C-alpha cells in the first residue's frame, strides 16, 4: 500500500516485464571466507528491539543462541561472535552445530544421524526440514495442554530453524548479485556508480529515482522495440521489486521506524522496503552495508567507526522513553560480562565445602574463611540484583527466575545475620545451602530463555504487586531457612556431641525464622489480596497461587498451634518446619505445573520430578530420624 | 450471655444456608447507541492474562471465557498447511511454507458485518486492483453462492482472476464468506499471486470443510 | 455451659480444623486443573459437605470455617489470657474473627457482573456471567421498561404473570443447557424469531458461563390463541408477540443488574509492548451520568478501578471490531463489605507487630 512507495512506482512497470522476469533471488554464494574483524566490542552495544525491549546485541546474541542450543556461547566463543557471523556471513554458520534436540527420536524421524552431544547444524536439518514441518504441523494441532514433550520439542525446533533461516538473509542487500549486474558502462556512469559491473541491491536501490527518471517517456507498450541496453533499467527496477517482496517480515529489528511516537522497529530489509524514502533510513541501511563490507575485509577501525556512526544515528531518532532504555546498555553489557550469579553460586558452594571440611579440622580460620566466602558471594549477588533493577527499571521480582534469585538473596542475608549473632556455623550453613541451591535452580530457569522479559499489563508498575511479591518472597525465604535449621536441629538432637545450650540456640533461631516466614507470607498474601481486589474486584478467589500461599499459612498455623497446645514438642516443630519447605515449594512453583503449557519445554517435567524427588528425600530423611530416635531411646 | 452468643452463631449459621429465591423484577433499561451505522458485533475477547507469576489470572480468565460465545465452527486443516492458534478476532490462522507461503485466517463477526458487496470491494482495494464500475459489477455478478459439505451457504471470491498483472509476486488474495444466522465467517487467504494460485485447492478444501460444531 | 465452651475452645479442634482446611485447599487446587475453578470452588469451598465417590461424606470448607469460627469465639472467651503482654496475640485473633465476618459478608453480599460497551455506547445495566432471565418489554416505548423473571430455576408448569400488560407465560419445558436446531421432525407451530424449531438438552458444562439455556413457553393473553414460543439463550434476536395489535418482545438472556448510573464509554485506549502483541496497558475513558443528570468523566485503567457507592468497575478486557471500533469490557462488582478485608488485615498485622515488639522487650528483659 502507501508505505511501499518504491514498490508503488515500480509496480506499474511490471505488466510488460514478463520477458525479464527474474528467478526468485537465491541465497548468495560467496566463495571466499570472510576475514572478519577481531573485536566486536562496538557491535555488541548496538541496540535491537526484541521481545518488547530494546537491548544490546550482546544480550540478543546470548538469548537466541540459548534459545537454539541451550547454551550462551558457541564452541567456547562468545555468542556475539557467532551472531556477527550469522548476520554478515551466514553461510559460514551453516555447519555450526547449534540446534539442540534432546529427544533422539526426532533426528531419527527426520532421517539424520543421531548426535552424541544432541547438537545439530542447519545443513543437517535442512535436508529433513520438510519432515520437521510435517511433524510440527501435526503437533500444532494438539491442544497445548495435551502436547507431549516430544511435540513441544518438535515445535521448538521448527520455529528455531525458521527463525535461524530468517537471519541468513539479513544483509543480502549488501552483496553484489547477478540480478544487479550492469554490463553497460554508459549506464554505470550515468548512474554515477563506481566503475565495475557487479552491484548489490542497495547500490541500485539508492539509484532507483535516477532509473525511474530514465524511463520517463519510454512507451511501455513498445517494449519489444527497445534495445537490449535500454531494457537494463527495466530489468534492474524489476529485480529491485522482486527482492523487496521476497525479503520482508524479518527479525533482527535494529532500525527504529521514522515516526518517533511509534515504538516499532524494523529489520534493515523491512526498513528499506517500507521507509527508504527517508534520509535517515537510507543512511542507516548504507551503514549496515558498510559494516558488512568491513566485516568481510577485516578492517577493524572502519568497522568500529561505522558501528558508532550507526549507534549515534539510531539514538538521535529515539523518543525520550526509548532513550532511557538505551542508556542502560552499558550496565547490561557489564551484567552479561560479569556473570555474577555464577560466581556467587560458586562462592556459596565453596563455603559449604569449607563447612564440611571444618568437621575434619576444626580450626577457627576456616570459620572466617567460610564467612568471607559467603559475604563476598552475597555482595556479588547484590550487585547483580542492583544491575537488573537498573536495567529493567522495575521492582526486582516479576518472574519465577527472579523469585529464586531474590529468595536466595534474602535467605543468605538471614543466614549472615544469624551468623553475626551466634557465630556457630549455623548461619553459614543456611547461607551457603540456600544461596547455592536457589541460584542453581534459578540457573535452570534462566536456561529457558530471556530472564528480562517485558511484563503483561496487570503486572505493569503497580505498587501493591511489587510489595506483595517482595514480602511473600521474604516469607518463602523465612520458611526455607526454618527448614534448614530444622534439619540442623534434628541432627543436633540425635547426636550426642552437641550441648543442650547449642540445641536451645538452634531452636530459638528456628522459631525466629518460622515466625518471620509466617508473618511475611501472611502479609504478602494480604497484599496479594489487596492487589487482586484492586484489579479484579475480589479479595480472594481460591486461585491455585492464592491457595498455595494459604497452605503455607495453614501449615505454619497448625504447627505453631500444635506446639502451643503441647500436642507436639520442639522436635515435632522441627519436623513440621522441614515439611513446611515442601509446602513452600509447592506454593512457589509446584502450582505452576498445574497449568502446563505456559512455559514448558523439557524442563518443566524436570521440575515436577525434582519436586517429587525432593519431597521423597525429605520423607526418607525424617523416617531415618525416627528410626534413629526409636533405637537410641531403646538403648537408653 | 454465652447462651445468647451461641444462639446468635447458630442463627447466622442457618441464615447462611437458605438460598436466595428467584424474583420477579422490573427495571428501566437505558441504552445510548454507539452510532447508527456501526453494529455491535463483538463479544469480549482477548481477556487480559494475569501474571505468570501470580497466576491469579485463571479465575478472571475463566469468567471472561464465560462471556464469549465460543466459536461454533469446525474445519478440516488442509494437509499442507500449518494451523496456528487464532488471536484477537481470528478464530484460527493457517500458514503454508515458502515458496508458496500464504497466510489464511478464519474470522467470525457478528451480524452481517458491513454487507457482502462492501467487503468484496474493500478487499479489491486492499490488493490494489483497479476496476472500472462496469468491471466491478461484472465481477460481483459472477460470484455464486455454493454450499459447503454440511450445507452452509458460502461464496468464494477469487481475486487472482481479475488481477491484470501477470507477475507472480503481486500481492493477491482469495476469500470466502459464509453467512450464518447472526454472524458472518470470513475466510481470507493472502500471499503473492503464485502462492495463492498454488494454494487454491487447499483453500477450497478448507472452506468446504467448515461446519457448525454442534449440528448433527 | 463453661465446660462446653472450654471443650469447644480446645486447640485440638483448631488443629483438626486447620488440617481439614489444609487438605481441602490442596485438594481443591488439584481439582481445579481438571474441573475448572468454578466447580472446584463450589464443591470444596462453598459447600457444607460433599461426597467422595458418592459414598463417604467429607466436610466442605464452609462448615470447617464455621467450626473454626465457633472454636475461635470460644477460645476468645476462655483460652486467651487478657493481659498486656498478650495484647499482640489477642489483637491478631480479633483480626482473624473479623476475617471470618468479612468472608461471610462478602460471600453473601457480593455480586459480580460485567458490561461491554462500544465507544460512544452507554448503558445502565450490567450483565451476569452465568445467571439468566426471561425478560419482556413493550416495543416502541420511550422509556424501555423491562419485566423479568430469574429463569435458572424454572420448572415445567410454572406460570409467569405480567399483570401490567395482561400477559402471562407458562413454562412448558426448560433446559439449562441445550442446542438449538432449525429443523424438526414434528410438524408443530412454534414461534421463534430466529427460526428455531427444536431444542435438545446437553450436559451441563463445567464452566457455567458456557451453558446456554432454552425453553418452550406458552403465551396466554396474546392475540394469537395457544401461542407457543421457543426461546434460546444463544440467539441474537428477540421473539415478538402481539397483544391488541401492540408488539411486545420476549427474550431469554443473561440476567441484567441495574446500576445506579448510566455509564458511557468515550474512548478505549490500548498500548502494546513495541513489536509485540503483548499488551502494556489498557484504559477506558467513561462518562458516569448520575440519576440527577450530572456527568462525571472517569478514567478506568488496569489496577485503577472506578468506585461508585457499593459498585466497583474494573477494566477487564477489550475487543476490536472489524471496522476498527473498539469495545471495552468492564467487570462490575457490587460488594457490601469491600472495606472489611482491609480492616481485618490491618488488625491482624497490627496484632502481629505488637506481638513482635513485645517479644523483643521480653528478650531484652531476660538478658
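Residue numbers (our numbering), protein chains in the order written: chain A, 62 to 697; chain D, 98 to 313; chain B, 141 to 507.
Think of the CB as a built atom: it goes at the ideal place given N, C-alpha and C, for glycine as much as any other residue.
In this text, all values refer to a predicted model and were calculated from it rather than measured experimentally.
Checklist entry - Which term fits residue 481/B, buried or exposed, when burial requires 16 or more other beta carbons within 10 angstroms of its beta carbon? => result The residue labelled residue 481/B in the question sits at position 341 within the third chain. Looking at its Cβ environment, which holds 16 or more other Cβ atoms inside 10 Å, residue 481/B is buried.
Next on the checklist: Give me the chain D residues within the contact set of residue 332/B, using Cβ-Cβ distance strictly less than 7 Å, ordered along the chain.
Outcome noted: Residue numbering aside, residue 332/B sits at position 192 when the third chain is read from its first letter. Near residue 332/B there are no residues of chain D at all, since even the closest Cβ is about 11 Å away, more than 7 Å.
Next on the checklist: So, under 8 Å CB-CB, residue 235/B and residue 491/B are touching, yes? Tell me the CB distance rounded to an integer number of Å.
Outcome noted: Counted from its first residue, the third chain places residue 235/B at position 95. Counted from its first residue, the third chain places residue 491/B at position 351. About 5 Å separates the two Cβ atoms, so the contact holds.
Next on the checklist: Please classify residue 497/B as buried or exposed, where buried requires at least 16 neighbouring CB atoms within 10 angstroms.
Outcome noted: Position 357 of the third chain, counted from the first residue, corresponds to residue 497/B. With fewer than 16 Cβ atoms within 10 Å of its Cβ, residue 497/B is classed as exposed.
Checklist entry - So, is residue 154/A buried or exposed, given that buried needs 16 or more other C-beta atoms within 10 angstroms? => result Counting from one through the first chain, the residue named residue 154/A turns up at place 93. Buried is the call here.
Item to check | Cβ neighbours of residue 197/D in the same chain (closer than 7 Å, five flanking residues each side left out) | outcome: Counting from one through the second chain, the residue named residue 197/D turns up at place 100. Counting only Cβ-Cβ distances below 7 Å, and skipping sequence neighbours, we find 292, 295 and 296.
Checklist entry - Ordered along the chain, which non-local residues of its own chain (more than five positions away) have a Cβ less than 6 Å from that of residue 228/A? => result Translated into positions along the first chain, residue 228/A becomes position 167. If we look at residue 228/A and ignore the five residues flanking it on each side, its Cβ neighbours are 147.
Checklist entry - Considering residue 514/A, what are the terminal residues of the beta strand (DSSP E) in which it resides? => result As a working mapping, residue 514/A is identified with position 453 in the first chain. No beta strand (DSSP E) holds residue 514/A; DSSP gives it neither H nor E.
Checklist entry - Interface residues of chain D around residue 198/A at Cβ under 7 Å? => result Indexing the first chain from 1 puts residue 198/A at position 137. Ordered by position in chain D, the residues that pass the 7 Å Cβ test against residue 198/A are 179.
Next on the checklist: Tell me the DSSP secondary structure of residue 178/D in three-state form.
Outcome noted: Taking the second chain and counting its residues from 1, the one referred to as residue 178/D is at position 81. In the structure shown, residue 178/D sits in coil (DSSP, three-state: anything other than H, G, I, E or B).
Checklist entry - Hey, does residue 528/A have any beta-carbon neighbour from chain D nearer than 8 Å? => result Locating residue 528/A in the first chain gives position 467, counting from the first residue. False, the Cβ-Cβ gap to chain D never drops below 8 Å.
Checklist entry - Which chain B residues sit within Cβ distance under 7 Å of residue 608/A? => result By one-based count along the first chain, residue 608/A stands at place 547. Ordered by position in chain B, the residues that pass the 7 Å Cβ test against residue 608/A are 165, 168 and 169.
Item to check | Within chain A, the residues that residue 226/B reaches when beta carbons sit closer than 7 Å | outcome: Numbered from its first residue, the third chain carries residue 226/B at position 86. Residues of chain A passing the Cβ test: none, with the nearest at roughly 12 Å.
Item to check | Helix, strand or coil at residue 228/D according to DSSP, with G and I counted as helix | outcome: As a position in the second chain, residue 228/D is number 131, starting the count at 1. Reduced to three states, the DSSP call for residue 228/D is coil.
Item to check | Alpha-carbon to alpha-carbon, residue 235/A and residue 193/A | outcome: Counted from its first residue, the first chain places residue 193/A at position 132. Counted from its first residue, the first chain places residue 235/A at position 174. Cα-Cα distance, rounded: 31 Å.
Checklist entry - Which residues does DSSP pair with residue 201/D in a beta bridge? => result One-based indexing of the second chain puts residue 201/D at position 104. The partner list for residue 201/D (beta bridge, DSSP) reads 191/D and 286/D.
Checklist entry - Expressed to the nearest angstrom, what Euclidean distance is found between the alpha-carbon atoms of residue 319/A and residue 332/B? => result For the purposes of this step, residue 319/A is identified with residue 258 of the first chain, where counting begins at 1. For the purposes of this step, residue 332/B is identified with residue 192 of the third chain, where counting begins at 1. Taking the straight line joining both Cα atoms gives about 56 Å.
Item to check | Identity of the residue in 625/A, 527/A and 338/A nearest residue 455/A by Cα | outcome: Here residue 455/A refers to the residue found at position 394 when the first chain is read from its first residue. The shortest C-alpha separation from residue 455/A is found at 527/A.
Checklist entry - For the stretch 187-227 of chain B, which segments carrying the beta strand (DSSP E) assignment without a break, of at least 3 residues, lie completely within its bounds, in sequence order? => result 189-192 and 196-199
Item to check | Members of the stretch 144-159 of chain B near chain A, C-beta cut-off 9 Å | outcome: 150, 151, 152, 154, 155, 158 and 159
Checklist entry - For residue 175/A, which of helix, strand or coil comes out of DSSP? => result The count along the first chain starts at 1 and reaches residue 175/A at position 114. The answer is coil: DSSP assigns residue 175/A none of H, G, I, E or B.
Next on the checklist: Quick check: what's the CA-CA separation for residue 232/D versus residue 330/A?
Outcome noted: The sequence position of residue 232/D within the second chain is 135, counting from 1. The sequence position of residue 330/A within the first chain is 269, counting from 1. In a straight line, the C-alpha of residue 232/D is about 37 Å away from that of residue 330/A.
Checklist entry - Where does the unbroken beta strand (DSSP E) through residue 272/B begin, and where does it stop? => result As a working note, residue 272/B is residue 132 in the third chain. From DSSP, the beta strand (DSSP E) with residue 272/B extends over 262-278.
Item to check | Inter-residue CB distance, residue 224/D and residue 252/D (contact presumed, cutoff 8 Å) | outcome: Taking the second chain and counting its residues from 1, one reaches residue 224/D at position 127. Taking the second chain and counting its residues from 1, one reaches residue 252/D at position 155. Contact flag wrong, Cβ pair sits at about 18 Å.
Checklist entry - What whole-angstrom Cβ distance do residue 149/B and residue 218/B have, given they're in contact under 8 Å? => result The residue you call residue 149/B lines up with position 9 of the third chain. The residue you call residue 218/B lines up with position 78 of the third chain. Rounded, the Cβ-Cβ distance is 5 Å, consistent with contact.
Next on the checklist: Give me the residue from 161/A, 426/A, 568/A and 199/A with the minimum Cα distance to residue 182/A.
Outcome noted: Position 121 of the first chain, counted from the start, is the residue given in the question as residue 182/A. Residue 161/A is the option with its Cα nearest to residue 182/A.
Checklist entry - Span of the beta strand (DSSP E) holding residue 579/A? => result Start at 1 with the first residue of the first chain, and residue 579/A comes out as number 518. Looking at the DSSP string, residue 579/A is not in any beta strand (DSSP E); the run it does join, the alpha helix (DSSP H), is 561-597.
Item to check | Cβ shell of residue 452/A (< 8 Å), same chain only, five flanking positions each side left out | outcome: As a position in the first chain, residue 452/A is number 391, starting the count at 1. Within the same chain, residue 452/A has close Cβ partners 389, 392, 393, 396 and 513.
Next on the checklist: At the 8 Å Cβ level, is residue 483/A part of the contact set with chain B, yes or no?
Outcome noted: Residue 483/A sits at position 422 when you count from the first residue of the first chain. Not one chain B Cβ lies under 8 Å of residue 483/A.
Checklist entry - Any Cβ of chain A within less than 8 Å of the Cβ of residue 265/B? => result Working through the third chain from its first residue, we reach residue 265/B at position 125. With 8 Å as the cut-off, residue 265/B does not count as an interface residue toward chain A.
Item to check | Buried/exposed call for residue 250/D, threshold 16 Cβ in 10 Å | outcome: Numbered from its first residue, the second chain carries residue 250/D at position 153. Counting Cβ neighbours within 10 Å, residue 250/D comes out exposed, since fewer than 16 surround it.
Checklist entry - Looking at residue 241/A and residue 264/A, is the spacing between their C-beta atoms short of 8 Å? => result As a first step, residue 264/A is located in the first chain; it is residue number 203 there, counting from the start. As a first step, residue 241/A is located in the first chain; it is residue number 180 there, counting from the start. Yes; because the gap between Cβ atoms is below 8 Å, this pair is in contact.
Checklist entry - Are residue 392/B and residue 367/B closer than 8 Å when you measure CB to CB? => result The sequence position of residue 392/B within the third chain is 252, counting from 1. The sequence position of residue 367/B within the third chain is 227, counting from 1. Result no, Cβ atoms of residue 392/B and residue 367/B do not sit closer than 8 Å.
Item to check | CA-to-CA distance, residue 210/B to residue 240/B, given in whole angstroms | outcome: Your numbering for residue 240/B matches position 100 in the third chain. Your numbering for residue 210/B matches position 70 in the third chain. Straight-line Cα distance between these residues: approximately 10 Å.
Next on the checklist: Check this for me: beta carbons of residue 269/A and residue 298/A, under 8 Å apart or not?
Outcome noted: On the first chain, residue 269/A is found 208 positions in, with the first residue counted as 1. On the first chain, residue 298/A is found 237 positions in, with the first residue counted as 1. Taking 8 Å as the Cβ cut-off, residue 269/A and residue 298/A qualify as a contacting pair.
Checklist entry - Are the beta-carbon atoms of residue 265/B and residue 275/B separated by less than 8 Å? => result The residue you call residue 265/B lines up with position 125 of the third chain. The residue you call residue 275/B lines up with position 135 of the third chain. The answer is no: Cβ separation not under 8 Å.
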